[in-house]
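>
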Amino acid sequence: MNFFINTTYNEKNSGIEHAQIKRAKLFRNNKAPFKLIFRDWNPKEHFYLNAADIKDDEILNMFDFFQKAENVETKKNNVMDIDFGLTGLTYNDEPNNNRYIVLKDNAIVARVRYFDESISKDKQVSAVEYFDGFGNLYRVDFYDTRGFQSMVEWYTPDNKVATDVWYDLNGKPVLETYYRKNAKGKMEQSAWKIIEDDGSIKIVDNIDDVVFEFLNKVNDKYFSIKEPNVFVLDRTNVADWMVPKLHRPAYYVMHLHNSQVGDPQKPDTSILNNNYEFPLFTGNDYDAIITATEKQRKDVMRRFKPLAKVFTIAVGIVPNEQFDKPRIPMSERKPNSILATARIAPEKQFGDLVSAMGIAKKEIPDISLDLYGYLDHSQNDRAKKEIDKAIKKYDLKNQVHIHGYTTDVGKIQDQYQVYGLTSVMEGFNLAMMEATSHGEVGATYDVNYGPNELIQDGENGYVVDYGDYKALGEKLIYLFKHKDVLQKMSDASYDLAKRYSEESVWNEWKSLLNDARENWDKKLKDYREPINQGLNQMEE
Amino acid sequence: MYYFVNENIFTFNSGTEFSAINRQQEFKKNGMKSKIVTRNYNGRIHADAKDHGLDDDDFISMYDFFQGTTGVKREHNKLRYSDIVDKRNYHIVGINNNSSLIKYHGNTVAKVEIAPGTIGEIGTIIYYDRFGNETSKDIYDSRGFKSKTVYLHPNGETGHELLYDIDGKPVMEITHMFINGKVFPTMYKLLDYNGKNLRFNTEDELFTFFIQELLNQKEGVIINDRPSLIEAIANVQTNCHKYQFLHGPHTTDVNLGGSKYGKVFENLRPLFGKFKSAYSGVIVPTAEQQSELQKFFSNFNIYNIADFTVDGENFVDENNQQTDSKDILYIGRLFEDRHIDHLLKITQLVKAEFHDVKLHLVGYFGSKEYSDQIKKQIDDMKLKDNVIIEGYQLGDKKSKLYKNADVVVSAGNADALNISMIEAFTYKTPFVSYDVKYGPKNFVKNGKNGYLVPQGKFNDFAACIIKIMQLQDDCNDEKGYLEAIHNFDFHNFAQQWAQVI
Chain A
1 MNFFINTTYN EKNSGIEHAQ IKRAKLFRNN KAPFKLIFRD WNPKEHFYLN
51 AADIKDDEIL NMFDFFQKAE NVETKKNNVM DIDFGLTGLT YNDEPNNNRY
101 IVLKDNAIVA RVRYFDESIS KDKQVSAVEY FDGFGNLYRV DFYDTRGFQS
151 MVEWYTPDNK VATDVWYDLN GKPVLETYYR KNAKGKMEQS AWKIIEDDGS
201 IKIVDNIDDV VFEFLNKVND KYFSIKEPNV FVLDRTNVAD WMVPKLHRPA
251 YYVMHLHNSQ VGDPQKPDTS ILNNNYEFPL FTGNDYDAII TATEKQRKDV
301 MRRFKPLAKV FTIAVGIVPN EQFDKPRIPM SERKPNSILA TARIAPEKQF
351 GDLVSAMGIA KKEIPDISLD LYGYLDHSQN DRAKKEIDKA IKKYDLKNQV
401 HIHGYTTDVG KIQDQYQVYG LTSVMEGFNL AMMEATSHGE VGATYDVNYG
451 PNELIQDGEN GYVVDYGDYK ALGEKLIYLF KHKDVLQKMS DASYDLAKRY
501 SEESVWNEWK SLLNDARENW DKKLKDYREP INQGLNQMEE
Chain B
1 MYYFVNENIF TFNSGTEFSA INRQQEFKKN GMKSKIVTRN YNGRIHADAK
51 DHGLDDDDFI SMYDFFQGTT GVKREHNKLR YSDIVDKRNY HIVGINNNSS
101 LIKYHGNTVA KVEIAPGTIG EIGTIIYYDR FGNETSKDIY DSRGFKSKTV
151 YLHPNGETGH ELLYDIDGKP VMEITHMFIN GKVFPTMYKL LDYNGKNLRF
201 NTEDELFTFF IQELLNQKEG VIINDRPSLI EAIANVQTNC HKYQFLHGPH
251 TTDVNLGGSK YGKVFENLRP LFGKFKSAYS GVIVPTAEQQ SELQKFFSNF
301 NIYNIADFTV DGENFVDENN QQTDSKDILY IGRLFEDRHI DHLLKITQLV
351 KAEFHDVKLH LVGYFGSKEY SDQIKKQIDD MKLKDNVIIE GYQLGDKKSK
401 LYKNADVVVS AGNADALNIS MIEAFTYKTP FVSYDVKYGP KNFVKNGKNG
451 YLVPQGKFND FAACIIKIMQ LQDDCNDEKG YLEAIHNFDF HNFAQQWAQV
501 I
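Protein sequence lines, in the order shown, are assigned to chains A and B. Residue numbering for the first sequence follows full-length UniProt numbering, beginning at 1 and increasing consecutively. Residue numbering for the second sequence follows full-length UniProt numbering, beginning at 1 and increasing consecutively.
1. Per DSSP, what are the beta-bridge partners of Y128 of chain B in this structure?
2. Kindly say whether D84 of chain B, judged by its beta-carbon, lies nearer than 8 angstroms to any beta-carbon of chain A.
3. Check whether the Cβ of L191 of chain B lies closer than 8 angstroms to any Cβ atom in chain A.
4. Using the three-state DSSP reduction, which class does H401 of chain A fall into: helix, strand or coil?
5. Going along the region 80 to 95 of chain A in order, which residues come within less than 8 angstroms of chain B, judged by CB to CB distance?
6. Taking C-beta pairs closer than 7 angstroms, name the residues in chain A that D129 of chain B reaches, listed in chain order.
7. Using beta-carbon positions only, say whether I317 of chain A and L26 of chain A come within less than 8 angstroms of one another.
8. Does S200 of chain A have its Cβ less than 8 angstroms from a Cβ in chain B?
9. If the criterion is Cβ atoms closer than 8 angstroms, does the pair F4 of chain A and Q20 of chain A meet it?
10. Cβ closer than 9 angstroms: which chain B residues qualify as neighbours of D53 of chain A?
11. What does the alpha-carbon distance come out to for the pair Q495 of chain B and D489 of chain B?
12. Between B:R199, B:N449 and B:H247, which lies nearest to G133 of chain A when the distance is taken from Cα to Cα?
13. Does DSSP put P33 of chain A in a helix, in a strand, or in coil?
14. Residues of the region 133 to 150 of chain A with a CB closer than 8 angstroms to any CB of chain B: list them in chain order, please.
15. Against chain B, which members of the region 311 to 327 of chain A pass a CB distance test of less than 7 angstroms?
16. Is it true that the region 421 to 436 of chain A meets the region 494 to 507 of chain A, where meeting means three or more beta-carbon pairs spaced less than 8 angstroms apart?
17. Taking the alpha-carbon positions, what's the G283 of chain A to L307 of chain A distance?
18. Going by C-alpha to C-alpha distance, which of B:V236, B:S228, B:A306 and B:N301 sits closest to P270 of chain B?
19. Locate the beta strand (DSSP E) running through L452 of chain B, then write down its first and last residues.
20. Hey, Y462 of chain A and S259 of chain A: beta-carbon distance below 8 angstroms or not?
21. Just checking my contact of residue 503 of chain B with A416 of chain B at CB under 8 angstroms: how many whole Å lie between their CB atoms?
22. Measuring straight from C-alpha to C-alpha, what distance separates V183 of chain B and R139 of chain A?
23. Quick check: the Cα distance between F278 of chain A and D205 of chain A, rounded to an integer number of angstroms?
24. Throw me the rounded Cβ distance for the W166 of chain A and F66 of chain A pair, which I believe falls under 8 angstroms.
25. Specify whether the region 165 to 185 of chain A and the region 134 to 144 of chain B touch according to this definition: at least 3 beta carbon pairs, one from each stretch, less than 8 angstroms apart.
26. Would you check if the distance between the CB atom of E161 of chain B and the CB atom of I174 of chain B is smaller than 8 angstroms?
27. Can you pull the chain B neighbours of G171 of chain A, defined as C-beta to C-beta under 8 angstroms?
28. So with CB distances below 7 angstroms, who are the chain A contacts of residue 518 of chain B?
29. Is D205 of chain A close to chain B? Criterion is C-beta to C-beta, closer than 8 angstroms.
30. Can you pull the chain A residues whose beta carbon is under 7 angstroms from the beta carbon of M177 of chain B, in chain order?
31. Can you list the residues of chain B that N536 of chain A reaches, using a CB-CB cut of under 7 angstroms?
32. Tell me the rounded alpha-carbon separation between A52 of chain A and N460 of chain A.
33. So, at 7 angstroms on beta carbons, what are the nonlocal neighbours of S280 of chain B in its own chain, with the 5 sequence-adjacent residues on each side left out?
34. Going along the region 93 to 124 of chain B in order, which residues come within less than 7 angstroms of chain A, judged by CB to CB distance?
35. Would you mind working out which of A:R235, A:K384, A:R39 and A:N96 sits nearest N273 of chain A, comparing C-alpha positions?
36. Given a cut-off of 8 angstroms, decide if T429 of chain B and V407 of chain B are closer than it, judged by their beta-carbon atoms.
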C-alpha cells in the first residue's frame with residue numbers, strides 16, 4: 001500500500017494538498033492502491049475531500065483510524081436526534097448563531113450548534129454544549145460531518161478544558177489527551193492515552209508519539225511480504241523522526257515540495273529550508289527523495305550527495321482531456337495580454353512584473369496585465385503597495401487589473417497570450433504548468449525551482465536573469481512585436497506540457513515503486529518478527 | 001420478594017450491615033425470597049460479600065445492575081499476565097506486593113495498585129502525565145474486569161467518571177462540577193439504558209429509579225436499613241409496602257426515648273414527618289423501643305422484629321474458661337461514641353488485679369485521628385502489653401476471640417440491640433456493659449450472663465470483670481444465656497416477619 005502523509009485538508013489548501021489530490025487520481029487511474037494519511041483531527045475533512053472527488057476509503061485520518069471511523073455512512077443528525085436524557089424540553093432556534101438553545105423549565109440543558117449552509121442545509125448538528133442540573137457547562141461534543149460524535153471536551157468547574165476524549169462509534173473511549181499546568185503555570189497538553197480494543201493501554205507524551213503508534217499500526221495492518229508499504233512524507237514534520245524506526249520494515253520517501261534551501265539563488269550554500277533541515281540531516285535514513293524538477297535533483301545531489309535514491313517526479317499533472325482540446329491560436333486571444341495567477345504576496349514580487357510591463361509599454365501601448373489571486377495583506381500590504389508604486393511610475397492605471405481568486409483558471413488561461421512570473425522562489429508552480437498546457441508563452445525570472453524548467457528559454461518563452469525586470473520588459477516587447485514567434489512558442493508550450501501528462505508522471509512514479517519492490521527482499525531478510533510464543537500462559 | 005435496602009456491603013461493616021446480612025441468610029434458610037440492595041459504588045462488593053458469607057444472588061448493587069454485570073463470575077486478572085501493558089514497549093517495575101510502576105523509556109507513566117487481599121491481581125491503575133500529575137484512574141472490579149474510569153480535574157479533584165459494561169461499553173457517566181463553588185457530583189447519566197439516555201441530578205434520584213426498576217421486574221416489600229436513604233425510598237413510586245428498620249435509638253438522649261422531652265434525631269425526622277405516609281411502618285429490634293415509639297406515633301405501625309438471629313437452643317461453642325490468660329473482648333466499631341477510652345481506663349483497673357490482662361479491640365477505627373488518639377492513650381497509660389488492636393475480624397478468627405474471652409464488653413451510651421452481646425451469649429461468654437437502653441438493659445441479667453454497670457462507673461465495671469475472672473461459677477449457668485438468646489431464635493423468624501407483608 002502507498003501512503004501519502006499530510007496534516008489536514010480544508011476548504012482552502014496549499015500546493016502540497018493540490019499535488020496530493022492530483023497524485024491520488026493518477027494512482028487511482030492506474031489502479032495503484034493508496035491512502036491519503038492525515039494527522040490532524042478535523043470533523044470536516046471527509047466533506048472537503050469528498051468535494052475534491054476523494055473517496056472515503058482513500059482517506060486515512062489518524063483519529064478516524066483509532067475511532068474505527070474510516071468508512072462511516074453519513075447520518076445527518078438534527079437537534080431532535082440528540083438524547084439529553086430528559087423529557088419536556090423546549091428548543092429555541094437561533095438561526096443567526098447557527099444554534100438551538102435547549103431548555104427544561106427555563107433552565108439551560110444544552111446549546112446545539114449546527115453546520116452552516118456551506119456544509120448542510122439541514123441544520124445538521126456540529127456540536128453540543130451540555131450543562132448539568134446546576135448550570136455548569138461540563139462537556140462539549142463535536143460531530144463529524146458524517147454524523148457521529150467524534151470528540152468530546154470535558155470541562156473543569158472553572159471552565160477550562162481538562163480532557164479531550166475521542167470515542168469509537170459504540171461510545172468507547174479510544175484516545176484521550178489531558179491538559180495540565182506546566183512548570184510555569186500554563187495549561188498545555190500533558191499526556192495522551194491510547195486504549196486498544198484488547199484493553200491494552202499506552203501512555204505517551206505528545207501527539208508525535210501517537211502518530212508513531214498510528215503509523216506502526218498502519219504498517220502492521222497493511223504489511224505484506226510481496227511488496228513494501230511506501231510512506232511518502234509530503235509534510236515531513238508529521239513523521240520525519242520516525243524514519244526509519246517503524247517496527248516492521250517499510251519504504252520511506254522524502255518529498256521535497258518546495259526549495260530545500262532558504263535562498264534558492266544559492267543552492268550550494270544557503271541556509272536550509274526549515275521544513276527540510278531535519279529530513280536532510282537524516283536523509284540517508286530514507287529510501288528515496290523526490291524532487292519536483294530535474295534542476296532541484298541535481299542541486300540536491302551535488303550538495304548533499306545522499307545515499308538515498310533521488311527521483312524527479314513532477315508534482316503537477318496535466319490531465320489527458322486537456323491534450324484532447326483544440327488549441328487556441330494567439331490571434332483568438334486578447335492581444336498583447338499578460339496573465340498571472342498567484343497569491344498577491346510580497347514573495348511573488350508582482351511590482352517587478354508591472355515594471356517590466358511598464359518598460360514594454362513604450363513600444364506596446366495597449367499592453368495589459370490581469371492578476372488573479374487572494375490579496376495577501378502581510379507586511380502592511382507590502383505586495384499591493386509595490387504594485388501600486390509601479391503602476392504609478394509607468395502610468396498603467398487602466399492596464400493592470402487585479403481580480404480576486406478564481407476557480408475557473410483553465411478558461412481564463414485560454415484568453416491570454418503570455419504568462420508572467422517574477423517571484424523569489426518556487427517549489428514547482430502548478431499554475432505556470434497549467435498555463436503552458438493552455439498554450440501560454442512564459443516570461444519569467446530564472447527562479448528555482450519550476451519556472452526555469454517549465455519554461456525552456458527560447459522555446460516556449462523566455463527565462464531572464466533573476467531580478468532583471470528590464471530584460472523581461474525587452475522580451476515582452478519582442479514577443480508582442482513578433483506574432484509569428486509568439487505563435488511558435490505557444491505551440492511549443494502545448495507540446496512541452498506533455499512532459500507532465502498523466503502517462504509521463506506515472507512513469508516517473510513507476511520507477512520509484514519499482515525501486516521499492518526490487519529492494520524489498522533485501523529489507524525483509526534483515527527483519528525478525530518479535531517473540532510471540534510462550535508469553536501469555538498463566539501459571540496455575 | 002423482600003428488598004433489604006442499604007448503602008453498601010463494605011469491606012469493614014457496622015452492625016447495620018451485619019443485621020442485614022444475618023437477615024438475608026436467615027430468609028434464604030427459610031426459603032423466603034430476598035436480596036440486599038445497595039446504592040454505593042463498590043468495585044469489591046462481590047469479594048466483600050463473599051468474605052461476609054454471602055453468595056452473588058444474595059445482593060444486588062445499583063451500579064452492578066446498570067453495568068449489567070451482576071452475574072459476572074470472577075476471573076483472574078494478574079498484572080504480569082494481563083494484556084493491559086504492552087511489554088514490548090513498557091516495563092513493569094515491582095515496588096512491593098501492593099504496587100508496581102509502569103515505565104516508558106524510563107519515565108513512570110502509570111502505577112498499578114494490586115487488589116487488596118490478592119496476589120498480583122489488578123486493583124486500580126493510576127495514570128500520570130509528563131509533569132507527574134494524575135490524569136485518570138481505571139478501577140477494576142474484584143471479578144477481574146475494568147469497571148470504571150475516573151478522570152481528574154487538573155487540580156486533582158474527581159472530574160468525570162465513566163462506568164462500563166463487561167464489554168467495555170460506557171453505560172453511565174457521572175459528572176463532578178461546582179455546587180456553590182465546591183466540587184460535587186452534579187449529574188448521573190445512564191447511557192443507552194434500554195435504548196435511552198436518562199439524566200439524574202443526584203445519586204439518590206438514580207437510586208429511586210433503580211428501586212422502581214427492580215420492583216417493575218419483581219414486586220416486593222422494601223425494608224430500608226439506612227436512615228440516609230429514607231427520602232430516596234419514600235420517593236419510589238409504587239404500591240409495594242415500605243418499612244424503615246431502625247438499628248439505633250430514635251432520640252438523641254436514649255433515656256428520653258419514651259418521654260415527650262426526647263429529641264428525635266435530625267435524620268429520622270422526615271420519616272416521622274413528611275415521608276410518613278410513604279412508609280407502611282417502622283421496625284425496631286426491641287419491644288421497649290417499639291412501645292416508646294408507638295406511644296408518640298399511634299397511627300403509625302411500629303413493629304418489633306429481632307435485629308439479629310441465632311440458634312436460640314444451642315450454643316455455637318462452649319466458652320473456653322480453662323485457659324490461664326485473662327481476656328477482655330470488645331468487638332464493634334472503634335468510634336468515639338463507643339467510648340474506647342473508657343475501656344482503656346477499665347482495663348487499667350483490671351490490670352491491678354490481673355497484671356497480664358489483655359483487652360482485644362476488634363473492629364475498624366472511625367478515623368485516623370481517633371486511631372492515633374487511642375494509640376497515644378495506650379502508650380501514655382502504659383497499656384502497650386495489655387491492649388491488642390486486632391483489626392476487623394471475621395469467621396474463625398472472630399469465633400476464637402469470642403470463645404477465648406473471659407468477658408465481652410461495651411461502653412457505649414446506647415444500643416438498639418448490640419450484636420456482640422448476642423454473639424457473646426452464643427458462646428456462653430459473659431457480657432458486661434453500661435446499663436443502657438435498649439439491648440443490654442433488656443437482656444443482660446446480673447450474675448447470670450454478665451453485668452450492667454451505671455454509666456461512667458469505671459470501678460464498678462472493672463470490679464464486675466474481675467469478679468467474673470476470679471470466680472469460676474460466676475455467670476456460668478447455661479440457663480442465663482439460653483434464656484437470652486431464645487429471644488433471637490431463628491425458629492421464630494418467619495413468624496416475626498409474617499407481620500410485615
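Think of the CB as a built atom: it goes at the ideal place given N, C-alpha and C, for glycine as much as any other residue.
Reading from the atomic positions:
1. B:E134, per the DSSP bridge assignment.
2. Going by the sequence as given, residue 84 of chain B is Ile instead of Asp. Yes, its Cβ sits closer than 8 angstroms to a Cβ of chain A.
3. So, interface residue.
4. In the structure shown, H401 of chain A adopts extended strand secondary structure according to DSSP, grouped into three states.
5. Answer set for the region 80 to 95 of chain A: D83, F84, G85 and L86.
6. The contacting residues are Y178, R180, S190 and A191.
7. For I317 of chain A and L26 of chain A, yes; Cβs fall inside 8 angstroms.
8. Chain B places a beta carbon closer than 8 angstroms to that of S200 of chain A, counting this residue as a contact.
9. Yes; because the gap between Cβ atoms is below 8 angstroms, this pair is in contact.
10. Per Cβ cutoff of 9 angstroms: no residues; D53 of chain A is ~36 angstroms from chain B at best.
11. For Q495 of chain B and D489 of chain B, the distance between alpha carbons rounds to 11 angstroms.
12. The residue with the shortest Cα to Cα distance from G133 of chain A is B:R199.
13. In the three-state DSSP reduction, P33 of chain A falls in the coil class, being neither helix nor strand.
14. Cβ contacts with chain B come from G133, F134, N136, Y138 and R139.
15. When C-beta distances to chain B are compared with 7 angstroms, every residue of the region 311 to 327 of chain A stays at or above that value.
16. Touching, per the Cβ criterion.
17. Cα atoms of G283 of chain A and L307 of chain A: separation of roughly 8 angstroms, rounded to the nearest angstrom.
18. Closest in C-alpha terms to P270 of chain B, from the list B:V236, B:S228, B:A306 and B:N301, comes B:S228.
19. Unbroken beta strand (DSSP E) run through L452 of chain B: G450 to V453.
20. With respect to S259 of chain A, Y462 of chain A sits apart: the two C-beta atoms are not nearer than 8 angstroms.
21. The requested residue 503 of chain B does not occur in the structure, where chain B is confined to residues 1 to 501.
22. Distance between the alpha carbons of V183 of chain B and R139 of chain A is about 16 angstroms.
23. Looking at the two C-alpha atoms, the distance is approximately 21 angstroms.
24. About 6 angstroms separates the two Cβ atoms, so the contact holds.
25. Yes, they touch.
26. Inclusion of E161 of chain B and I174 of chain B in the CB contact set at 8 angstroms is warranted, their separation being smaller than that value.
27. Going along chain B in sequence order, the residues near G171 of chain A (Cβ under 8 angstroms) are K169, P170, L191 and D192.
28. Absent from the model: residue 518 of chain B. The displayed extent of chain B is 1 to 501, so no value can be given.
29. With 8 angstroms as the cut-off, D205 of chain A counts as an interface residue toward chain B.
30. Those are D132, F134, N136, Y138 and P157, listed as they occur along chain A.
31. Contact of N536 of chain A with chain B by beta-carbon distance below 7 angstroms involves Y81.
32. Their backbone Cα atoms lie some 31 angstroms apart in a straight line.
33. In the same chain as S280 of chain B, and ignoring 5 residues on each side of it, the C-beta atoms closer than 7 angstroms to its own belong to H241, K242, Y243 and N301, in chain order.
34. Sequence-ordered contacts of the region 93 to 124 of chain B with chain A read Y104, V109 and A110 [C-beta pairs closer than 7 angstroms].
35. That would be A:R235, whose Cα lies nearest to the Cα of N273 of chain A.
36. Contact annotation: V407 of chain B and T429 of chain B have beta-carbon atoms nearer than 8 angstroms.
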